[in-house]
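**Q** 179 is the number that the working numbering gives the last residue of the sequence shown; the numbers go up by one with no jumps. Beta carbons are placed, not taken as given, at the ideal position from N, Cα and C, and that holds for glycine.
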Amino acid sequence: MARQVQIEDSKQRISDALFKLMQTSDFEAITLSEIAAHAGVTRMTLHRHFKTKENIILYNAQKTFNEELAKTKDSPTPLILLITKRLETLKRIPHRSILLKSPDLKVLLQKFQFESFSERLKQKLSNDYKDDPYFYHFYFGGMDAIVRAWLEDDCRIPTEKIVEKIVRLTRRFLDE
């Protein structure tokens, strides 16, 4: 347990160092060596935790998602509110424009959607959606495409409107 606390501490210091450097330098110009020096860790320690600068931002995003998931884990939150929370969380992620360029964004979206929605979708949509990978990929692939387009458009459309669109498309799909 003490080792895990030490690992999390190192990750947080690295993360804090990157965000502090980003206040005065362009993301592209910052090197991993600079981040390690500002975090007070060796380059090897930094590389053990994060292979790229984007991974540091992804770590922060995942941490934010985990905090949001913890808030709704045991509560009977309606699916629409979960989707809204997911979008609001994505909207608040610092430097999401960098994540949009990263293939890791897909991993983040998949992790959050599965952990947030799997049980509620099973209840709401059907008990066998996991048994039908085509349905699963169609549903979540479509939702991810909408969310990604919304993020790329800098979240200009209000969250509620995007949630309405997702719900309307889902209902249309399920009713036909």
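Look at the alpha carbon of residue 8 and the alpha carbon of residue 171, and state the distance between them as a whole number of angstroms.
**A** Counted from its first residue, the sequence shown places residue 8 at position 5. Counted from its first residue, the sequence shown places residue 171 at position 168. Near 44 angstroms, if we compare the C-alpha coordinates of residue 171 and residue 8.
**Q** Could you check what DSSP says for residue 145 in three-state terms: helix, strand or coil?
**A** Stepping through the sequence shown from its first residue, residue 145 is reached at position 142. The answer is helix: DSSP assigns residue 145 an H, G or I state.
**Q** Going along the chain, which unbroken runs of the alpha helix (DSSP H) with 4 or more residues stay wholly within the stretch 73 to 104?
**A** As far as the stretch 73 to 104 is concerned, its whole alpha helix (DSSP H) runs of at least 4 residues are 82 to 95, 99 to 103.
**Q** Exposed or buried, what is residue 161 when buried is set at 16 or more other beta-carbons lying within 10 Å of its beta-carbon?
**A** What you label residue 161 is simply residue 158 of the sequence shown in a count that begins at 1. So residue 161 counts as exposed.
**Q** Helix, strand or coil for residue 47, going by three-state DSSP, please let me know.
**A** As a working note, residue 47 is residue 44 in the sequence shown. Three-state result, residue 47: helix.
**Q** Report yes or no: do three or more beta-carbon pairs, one from the stretch 50 to 66 and one from the stretch 4 to 20, lie closer than 8 angstroms?
**A** Counting Cβ pairs under 8 angstroms, three or more are found: they touch.
**Q** Applying the 10 Å Cβ sphere with the 16-neighbour rule, what's the burial state of residue 110?
**A** As a working mapping, residue 110 is identified with position 107 in the sequence shown. So residue 110 ends up on the exposed side.
**Q** Just how far apart, CA to CA, sit residue 105 and residue 55?
**A** Here residue 105 refers to the residue found at position 102 of the sequence shown. Here residue 55 refers to the residue found at position 52 of the sequence shown. Spanning the two alpha carbons is a distance of roughly 10 angstroms.
**Q** Along the chain, where does the alpha helix (DSSP H) that runs through residue 25 open and close?
**A** If you number the sequence shown from 1, residue 25 lands on position 22. From DSSP, the alpha helix (DSSP H) with residue 25 extends over 5 to 25.
**Q** With DSSP collapsed to three states, give me the class of residue 159.
**A** Working through the sequence shown from its first residue, we reach residue 159 at position 156. Residue state, collapsed to three classes: coil.
**Q** Taking just the CA atoms, how far does residue 6 sit from residue 99?
**A** Here residue 99 corresponds to residue number 96 of the sequence shown, with the count starting at 1. Here residue 6 corresponds to residue number 3 of the sequence shown, with the count starting at 1. Cα-Cα distance, rounded: 30 angstroms.
**Q** Looking at the secondary structure, which residues open and close the alpha helix (DSSP H) in which residue 38 lies?
**A** Counting from 1 along the sequence shown, the entry for residue 38 is found at position 35. 35 to 42 is the extent of the alpha helix (DSSP H) around residue 38.
**Q** Residue 155 to residue 103, Cα distance in whole Å?
**A** Residue mapping note: residue 155 aligns to position 152 of the sequence shown, counting from 1. Residue mapping note: residue 103 aligns to position 100 of the sequence shown, counting from 1. Rounded to the nearest angstrom, the two C-alpha atoms are 7 angstroms apart.
**Q** Could you tell me the alpha carbon to alpha carbon distance between residue 32 and residue 95, rounded to whole angstroms?
**A** Against the sequence shown, residue 32 aligns to sequence position 29. Against the sequence shown, residue 95 aligns to sequence position 92. Each residue's Cα considered, the two are about 24 angstroms apart.
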